[in-house]
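Using full-length UniProt numbering, read the sequence shown as starting at 1 and increasing by one per residue.
We put the beta carbon where it would ideally sit given N, CA and C, even for glycine.
Note that this is a predicted model, so its numbers are computed, not measured.
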Amino acid sequence: MTYKTVDWRACDCGLKRAFISRPEAEKAMGRAQTKRTRRADARGTRRGLKVEGRVYECDFGGWHLTSMSRKQYEELVAA
1 MTYKTVDWRA CDCGLKRAFI SRPEAEKAMG RAQTKRTRRA DARGTRRGLK VEGRVYECDF
61 GGWHLTSMSR KQYEELVAA
C-alpha cells in the first residue's frame, strides 16, 4: 500500500506545517480528517477527537489547518 502525501514545509511562524496554496491545504485537511476518523473508529470511540475543519492563510504566506471554528477564532481575537 502506498500513501500519497501533500507537500508541505515548516512555516516561518513556528512549528506548523505550511502548504503552498489553499487547494493543497484543503486536500491535506481531507486526508487528515480521514486518517483521524479511521484511527478513532479502530479505537472504538471518537471522544475527545480534534479534527481539522478549516484552513487559513498565515501572515507569512503559507496555509495552515486548524480545528478551531471561525466563531472560536473571532471570540479569541475579540478578547
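Check: Per DSSP, L76 is paired with what?; Outcome: DSSP output for L76 lists no bridge partner at all.
Check: Could you give the first and the last residue of the continuous beta strand (DSSP E) run that contains A57?; Outcome: The amino acid at residue 57 is misidentified as Ala; the sequence shows Glu. Where E57 is concerned, the enclosing beta strand (DSSP E) stretches over R54 to E57.
Check: Can you tell me which residues form a DSSP beta bridge with W63?; Outcome: F19 and E57
Check: Would S69 and G48 be called neighbours here (beta carbons separated by less than 8 Å)?; Outcome: no
Check: Of the residues V6, S67, Q72 and I20, which one's Cα is nearest the Cα of residue 111?; Outcome: Outside the shown range of the chain, which is 1 to 79, sits residue 111, and nothing can be said about it.
Check: Find out if the Cβ-Cβ distance for the pair R31, V55 is shorter than 8 Å.; Outcome: no
Check: When the Cα atoms are used, what is the spatial distance from Y3 to Q33?; Outcome: 15 Å
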